[in-house]
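Chains as they are written, first to last, in our numbering: chain A, 3 to 204; chain B, 160 to 588. Yeah, the Cβ is synthetic: ideal placement off N, Cα and C, and Gly gets one too. Input: a single structure, listed below in structure tokens.
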Amino acid sequence: MAVIDTHNAREIAPEEPSYYGIMAEFDDIPAIFEAAQKCRDHGFTKWDVYAPVPIHGIDEAMGMKGSKVAFCMGAGALTGLTIAFLMQWWFSAGSKLPGLLDVFSGYEIITHGKPFFAWEQAVPIMFELTVLLSAFATIGGMLALNGLPRWYHPLFKKDRFLRVSDDRLVIAIEAKDPKFDQSETKAFLESVGGNHIELVEE
Amino acid sequence: MSIAPHFELGRVFERDNIEFRKSAGSVLSGGMLGVGILFTLLTIGGALGGDAATKSVALHAFYVGAIVALGFPLGALAFHMICNVTNAGWAALLRRQFENMMSLAWLGCLFVLCAFLFQALLVNVSDVTTDKAAGVYAPFLWNWMDPNYVKGDVLYDHKQPFLNLPLFLFLSIVYAAVYIGLSQVLCGLAKRQDEDASRWHTLTMGRLSTIGLVLYAFATMFAAFHWIMTLDFHWFSTMYGVYFFAGNLVSALALLTAIFIALRFFGKLNGAFTDEHLHDMSKFVFGFTVFWAYISFSQYFLIWYANIPEETAYFTMRRDEWTALSFLLPIGHFIVPFLVLLPRPARRNAGLVFVMCCWMVFMHIVDVFWNIRPEAKTKVPGYSWLDVVGVLGPVLIFGGLLVRKIVSQPLVPLHDPRTTEALSHKNYV
């Protein structure tokens, strides 16, 4: 179909529609579980399983590696621990930081007749900031690794896909996958037991 | 689907997998018992032959061993009851080893009684009477039992309604009755289930454990106060019961995990104790190590902040006279296991976990030693050979009886209704 650009009054050559990938439906959980194992063994890397219920062991069947969120969390925890310690030491011990003006030195605050700085009093704050920053880093890292927030997904255009939050089980293989080939992948999904196989436009 | 037991039911329950030969472990248990009894006799001999200070050291060292030997069954009892109450399917086949350990609660209580009798013996044979002005002390374990020590002590007069011999003896019997009663009834139910295969015993265990945990909590709180905290009766810490509980639980879990790894090393428990169960056990060791650190730091922190003389004396004395141990404890009992067991692969590595578990058992002994041994009234602080034999005597006797108990019966419960769940247990995180 030719598209007329009315503003510039010229004809635009029809564009080849770009595809997000291919989706296939499966009948029940054992079927999709085995299909996932076959997709994994076939060497697909950019694909996903969509199901209305959690499927135990599906991550292993999909060949997923462990999450990297733990490293975000660890980084957040170490940052919080360090900041909390340095902050309290700087604030309460009247410490002068090298390279900074004296204006930036902390106050010597007398409380309870305790030393200006002691590790004991620093521990609760160190603990709190460690927990706080690791929680932030975990949430932030999780969102970043999942590519969230994201308001649109090509699969949402498919009416059949919308039922995946109700009673459908779907595997979608993305066109970005190096092993993706429109007809071959379609045949592959058929061979592992998929039905209602559809191309998904971008 | 791959969601099936890692091991077939029949093969797990093959005799080779869950039972030892009749004579197995007899050298180990006999050796531990023999050395333990020898060490205990040496302790008694050393105490009788030495002066009042030596007597006090021997008595305290023996009491350290007694409390360590009591702590293992108490920790196992608590964990067993928690598993019953939460209907923990993953631990269903590990239950038998918890039971083996907690069935020795009578031994720990007997050791505490022995320490009490040992004190009476030493006080009677010693001709020293306490004279605080001259710095001479009769070899008492619980100083408040010494009429010369508490004469004119205002704090003692104030605490006298709680700290008196009749109440101490009566409540000690109550604590021991709770511990021995709970462990024997639960072990009895497990044994009956092995015989009649009735799943109702599991339900009964769960119901009993709900009440049992409440009784256990009160008994442990006050046993910690009465049996250990009052060694220095001027000092007080409301956290002490929880501290005692945390130490017991981490040591019991560490010893149990080490036992499971050893059993698997000897080719037993295939399918019943998999990497998944190992992972969970080491999670608990890790978790309760952190719990111990949390409790012990809180105790120290509040006392540091409040700065009340009779509270801080407890810590300053340990810091000044037992400096090495005071620094070893937070590092060895918390920082090292925390960093080593933090990564997930480390918690699934049987060799590493075994080493860490042995280390945690050792650190628990150090912890109890640090709590009890400094209360010995000696002029010169320092270690003596009695510290080694005194502590190891009761611990080795406990170890010998535990090995004998383990090899004497099947290593898993035979008819637990949650067996399939236990076999197919898997960690998804």
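Query                                                                                                                           : Result
Min CB distance B/F486 to chain A below 8 Å                                                                                     : no
Beta-carbon proximity of B/M398 to B/Q458, cut-off 8 Å                                                                          : yes
Environment of A/P126 [buried if 16+ CB atoms lie within 10 Å]                                                                  : exposed
Interface residues of chain B facing A/E122 [CB-CB closer than 9 Å]                                                             : F456, Y459, F460, W463, Y464
Residues that B/Y587 contacts on chain A, provided the C-beta gap is smaller than 8 Å                                           : H58, G59, D61
Chain B contact for A/V55 (CB, 8 Å cutoff)                                                                                      : no
Chain B contacts from the stretch 124–141 of chain A (Cβ-Cβ distance under 7 Å)                                                 : V125
A/M66 classed as buried or exposed, judged by whether at least 16 other C-beta atoms fall within 10 angstroms                   : exposed
Rounded distance between the beta-carbons of B/E580 and B/D391, thought under 8 Å                                               : Not quite, the Cβ-Cβ distance comes to about 47 Å (not below 8 Å), so this is no contact.
First through last residue of the alpha helix (DSSP H) which encompasses B/H436                                                 : 434–465
Outcome for B/G224 when other beta-carbon atoms lying within 10 angstroms are tallied against a minimum of 16                   : buried
Buried versus exposed, by CB contacts within 10 Å (16 or more), A/F182                                                          : buried
Reference B/P553; option with closest CA among B/S342, B/F270, B/R174, B/L326                                                   : B/F270
Pair within 8 Å by beta-carbon distance, B/V284 and B/L207                                                                      : yes
Cut-off 7 Å between Cβ atoms - residues of its own chain near A/L134, not counting five sequence neighbours on either side      : G82
Inter-residue CB distance, B/R532 and B/A220 (contact presumed, cutoff 8 Å)                                                     : 6 Å
Distance CB(A/I141)-CB(A/I24) smaller than 8 Å                                                                                  : no
Secondary structure of B/W386, DSSP reduced to three states                                                                     : helix
Distance, B/T361 Cα to B/D353 Cα                                                                                                : 11 Å
Rounded Cβ spacing between B/A293 and B/V282 (contact assumed at less than 8 Å)                                                 : Between B/V282 and B/A293 the Cβ distance is about 18 Å, and since that is not below 8 Å, they are no contact.
Buried versus exposed call for B/T379 [16 or more other C-beta atoms within 10 Å across all chains shown]                       : buried
Sequence-distant residues of its chain with Cβ nearer than 8 Å to A/A124 (five each side left out)                              : A86, F87, Q90, W91
Element boundaries [beta strand (DSSP E), containing A/G23]                                                                     : 21–28
Residue burial classification, B/A279 (beta-carbon count within 10 angstroms, cutoff 16)                                        : exposed
Chain A within 8 Å of B/M160, Cβ atoms only                                                                                     : With a pLDDT of 37 at B/M160, under the threshold of 50, the predicted position of this residue should be treated as unreliable, and no value is reported.
Where A/L201 falls: helix, strand or coil (DSSP)                                                                                : strand
Validate contact between the stretch 542–553 of chain B and the stretch 562–574 of chain B using beta carbons, cut 8 Å, 3 pairs : no
Alpha-carbon to alpha-carbon, A/A177 and A/D169                                                                                 : 25 Å
Whether B/L328 touches B/M304 by CB criterion (8 Å)                                                                             : no
With 16 other Cβ atoms within 10 Å as the buried cut-off, status of A/F163                                                      : buried
Simplified DSSP state of B/V554, which is helix, strand or coil                                                                 : helix
Straight-line gap, B/A413 to A/Y22 (C-alpha atoms, nearest Å)                                                                   : 52 Å
Beta-carbon proximity list for A/A38, same chain, < 8 Å, skipping 5 on both sides                                               : V51, I60, A63, M64, I173
Proximity winner among B/L253, B/S262, B/T389, relative to B/Q319 (alpha-carbon distances)                                      : B/T389
Any non-hydrogen atom of the ligand COA closer than 7 Å to B/V227 Cβ                                                            : With respect to the ligand COA, the structure shown offers nothing to examine, as it has no ligands at all.
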